[in-house]
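Contents: one structure, followed by commentary.
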Amino acid sequence: MILGIETSCDDTCAAVVTTAGVLHSNAVASQGLLHSRYGGVVPEIASRRHLELVGAVVADALERAGAGLDDVRAVAVTRGPGLIGALLVGVSTAKALAATRRLPLHAVDHLHGHVTASMLGDEPIEAPYGCLVASGGHTFVARVDHPSGFRTLGETLDDAAGEAFDKGARLLGLGYPGGPALDRLARTGDPEAFDFPRSLPGTGLDFSFSGLKTSLLYRVRDLGDEVARARAADLAASYQRAVVDALVARSLAAIERERLERFAIGGGVAANSELRTRIAEECGRLGVDLWVPPHELCTDNAAMIAGAARFTPALPYPAYLDLDASATLA
Amino acid sequence: MSLSILGLDTSTAATAACLLRSDGEAFEVEPGLDALTGRPGHSRELMPAVAQVMDAGGLAFADLSAISVGVGPGGFTGLRIGIATARALAQADGLALRPISSLAALAAGIAAPLALPLIDARRGELFAALYAQGDELWAPFVASPERIVELLIEAGLRPVAAGDGALRSRQTLEAGGLELAGAGSRSHVVRALHICRLAAQASDVPPEAVLPDYLRAPDAHPTR
Ligand SMILES: [Zn+2]
């Protein structure tokens, strides 16, 4: 069994996964409400909270797996990218736990975790495959030829898709985190009511969402508070359509360019209902098999970290004792 | 009854670890003075230092009676690395955990009847406390060096100051008539040996209650 620990942003996570990819537990203590008062994740507050929670979350993950530390064969931890102060809580915890049993330690790339999340469970996706990862912190499309790594085909040049949803939601007065609220409101609106700019892929597969956000800002301003409020559902639906169009267009371009037969989505934005529907339709049309992991494997979690660790070599004791976290993993 | 205690401190830029074995022998990684002004490297240094003192003392973690850790005040990130490490080590083997004030540990190294340990708090401020022969006279607080001098003059007290905060604010403190440990004195470093010795007299605290003594709220303002 592999014990995974993930503290790169605002969720304190631990999980137990077998070397065959069977999930025994996947514990998450979300800090969402704590940060909602600030309109975004405050790194110092997140770091403080991780320290308060991490011991209990690890204990919870082991207990739910019916296991103790003596049953664990390796520890896996997110080394980066992420908030450095937050990462260090997880890395320090993982190193200390592993050292007491002289267990090997896997230092995992958080993005590798997202990319390989669909390799967990009963019907794991098989390489080669393509993957769209979209969340509040990252947005990219990748190609996986071997589960030990991935090649980024395109990534966001400014905001992440989840950030675009959160910022859009805030402009529409929906609070933080606004992604799910915007998704709900959009279902009652007309996605064609307003025209928002789309930068469709040319030769590259990169994303850009900052222009879209600015365009919503101007649209709300032009309409005036009262009209904007009355038409919030139409604005939400049109805005969401533009974000989803960008995500779907890059995914399809990647599938075609790379001649992919399997595709997966991941990251918190993969919970968005319109994205799920649209990408399923398009993949169906192209005859491409699509993997959409359950919600708890899309948002940040430690199961994907323990899962990814299965495909990368571990550092033996004591080689990891001086391991540091890395905000960028550059 | 004697206990075997592992002690850590990461409240300053330096990393300190010590194993105080039940037979009274100590195995210590004592940082040099230069570590106080260098870039903090707690994540890279702490576990190797822990492994070093455990190996030197010939003990396994499960042989320990307690883990003790300096809980600051001090640098937030460093404190979290030290405390996360201590909590995980304790959790793994069901060991007792004993939080110790880093200022008290610093004071334990000051050879004077009245000790003023000072830890750099950045932004022109220092974390301070006042101890008379180990008894806490002033609880830890944060203030500018000017204000600390003022408070001591008002109280008519003449302690000896040490710590990375004392070194950083030497000019202001000396101009205020305060006595400082010598520039090359080892008493400026928070020693993990002192964490262990204080812990030998302290009581166990539930692991979830062992958290940094931040003394400062995070820099964040609610938007609504
Ligand atoms: Zn993520």
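First to last, the sequence lines map onto chains F and Z. Under the numbering used here, the first residue of the first sequence carries the number 523, and numbering increases by one thereafter. Under the numbering used here, the first residue of the second sequence carries the number 25, and numbering increases by one thereafter. The beta carbon of each residue, even a glycine, is placed where N, CA and C say it ideally should be. Note that the coordinates shown come from a computational prediction; the quantities given were computed from them, not determined experimentally.
Mapping the DSSP letters down to three states, classify residue i as helix, strand or coil.
| i | result |
| --- | --- |
| D533(F) | strand |
| G588(F) | coil |
| G480(F) | Outside the shown range of chain F (523 to 852) lies residue 480(F), about which nothing can therefore be said. |
| P650(F) | coil |
| L119(Z) | coil |
| T602(F) | Residue identity differs from the one stated: residue 602(F) is Gly in this sequence, not Thr. G602(F) falls in the strand class under three-state DSSP. |
| P719(F) | coil |
| F165(Z) | strand |
| P699(F) | coil |
| R63(Z) | coil |
| R784(F) | strand |
| I172(Z) | helix |
| L32(Z) | strand |
| G561(F) | coil |
| R248(Z) | Here R248(Z) scores only 47 on pLDDT, less than 50, and its place in the model is too uncertain to base an answer on. |
| L845(F) | coil |
| L181(Z) | coil |
| D237(Z) | coil |
| V539(F) | strand |
| R210(Z) | helix |
| V597(F) | strand |
| E566(F) | helix |
| A629(F) | strand |
| D644(F) | coil |
| D228(Z) | coil |
| A190(Z) | helix |
| V814(F) | coil |
| L135(Z) | In the sequence on display, residue 135(Z) carries Ala and not Leu. DSSP places A135(Z) in coil when its eight states are reduced to three. |
Can you tell me where the beta strand (DSSP E) holding residue i begins and where it ends?
| i | result |
| --- | --- |
| L675(F) | 673-677 |
| D680(F) | No beta strand (DSSP E) contains D680(F), which DSSP labels as neither H nor E. |
| P97(Z) | No beta strand (DSSP E) holds P97(Z); DSSP gives it neither H nor E. |
| L44(Z) | 40-44 |
| E528(F) | 524-528 |
| S547(F) | 545-552 |
| A664(F) | 661-666 |
| P669(F) | Premise fails: P669(F) is in no beta strand (DSSP E) and is neither H nor E. |
| L142(Z) | 138-144 |
For the alpha helix (DSSP H) holding residue i, just list the boundary residues, first then last.
| i | result |
| --- | --- |
| H632(F) | 632-637 |
| V742(F) | 732-745 |
| V766(F) | 754-780 |
| E818(F) | 817-820 |
| A831(F) | 825-831 |
| A84(Z) | No alpha helix (DSSP H) holds A84(Z); DSSP gives it neither H nor E. |
| E251(Z) | Limits of chain Z in this structure are 25 at one end and 248 at the other, which puts residue 251(Z) out of reach. |
| R194(Z) | 194-199 |
| R221(Z) | 216-224 |
| P152(Z) | As written in the sequence, residue 152(Z) is Ala, which differs from the Pro given in the question. Counting along the chain, A152(Z) falls outside any alpha helix (DSSP H), though it belongs to the beta strand (DSSP E) covering 150-156. |
| A131(Z) | 126-131 |
For my contact list, residue i and residue j are in at a C-beta cut-off of 8 Å; report their separation, rounded to the angstrom.
| i | j | result |
| --- | --- | --- |
| Y761(F) | G562(F) | 19 Å between Cβ atoms; not a contact. |
| R665(F) | L679(F) | R665(F) to L679(F), Cβ: 19 Å. No contact. |
| A153(Z) | V184(Z) | Not quite, the Cβ-Cβ distance comes to about 14 Å (not below 8 Å), so this is no contact. |
| G643(F) | G543(F) | 7 Å |
| G106(Z) | L176(Z) | With 8 Å as the limit, G106(Z) and L176(Z) do not qualify as a contact, their Cβ atoms being about 29 Å apart. |
| A108(Z) | V579(F) | So it is not a contact: roughly 12 Å between Cβ atoms. |
| G81(Z) | L43(Z) | 4 Å |
| G701(F) | A682(F) | That pair is no contact at about 11 Å. |
Following a CB-centred definition, is residue i positioned closer than 7 Å to any heavy atom of ligand 3?
| i | result |
| --- | --- |
| D631(F) | Absent from the structure shown: ligand 3. Ligands present: ligand 1. |
With 8 Å as the threshold, decide whether the Cβ of residue i is near any Cβ in chain B.
| i | result |
| --- | --- |
| K689(F) | Chain labels in this structure do not include chain B; the protein chains are F and Z. |
Does the stretch 85-94 of chain Z come within contact of the stretch 592-603 of chain F, defined as at least 3 CB pairs closer than 8 Å? Fewer than three beta-carbon pairs drawn from the stretch 85-94 of chain Z and the stretch 592-603 of chain F are found closer than 8 Å, and the two stretches are therefore not classed as touching.
Quick one, what's near ligand 1 if you take every residue whose CB is closer than 5 Å to any heavy atom, in chain order? S657(F), D822(F)
Cβ contact (3+ pairs, closer than 8 Å) linking the stretch 32-44 of chain Z and the stretch 213-227 of chain Z: yes
The stretch 739-754 of chain F touching the stretch 781-795 of chain F, judged by at least three CB pairs closer than 8 Å: no
Taking three-plus beta-carbon pairs below 8 Å as touching, is the stretch 65-75 of chain Z in contact with the stretch 817-824 of chain F? no
With three or more beta-carbon pairs closer than 8 Å as the criterion, would you say the stretch 680-697 of chain F touches the stretch 800-807 of chain F? Fewer than three beta-carbon pairs drawn from the stretch 680-697 of chain F and the stretch 800-807 of chain F are found closer than 8 Å, and the two stretches are therefore not classed as touching.
I'd like to know if the stretch 829-839 of chain F and the stretch 616-636 of chain F are in contact, where contact means that at least 3 CB-CB pairs between them fall below 8 Å. yes
Any contact of the stretch 49-61 of chain Z with the stretch 96-104 of chain Z, i.e. 3+ C-beta pairs under 8 Å? Put simply, the stretch 49-61 of chain Z does not touch the stretch 96-104 of chain Z. Fewer than three CB pairs are less than 8 Å apart.
Below 8 Å, can you find three or more Cβ-Cβ pairs linking the stretch 604-624 of chain F to the stretch 529-542 of chain F? Proximity of the stretch 604-624 of chain F to the stretch 529-542 of chain F meets the contact definition, three or more beta-carbon pairs being nearer than 8 Å.
Could you check whether the stretch 580-590 of chain F touches the stretch 544-554 of chain F, counting it as contact only if at least three pairs of C-beta atoms, one from each stretch, sit closer than 8 Å? yes
Touch test, the stretch 121-137 of chain Z against the stretch 221-235 of chain Z, Cβ-Cβ under 8 Å, three pairs minimum: yes
Examine the Cβ distances between the stretch 773-790 of chain F and the stretch 806-817 of chain F and report whether three or more of them are shorter than 8 Å. Segments in contact, yes.
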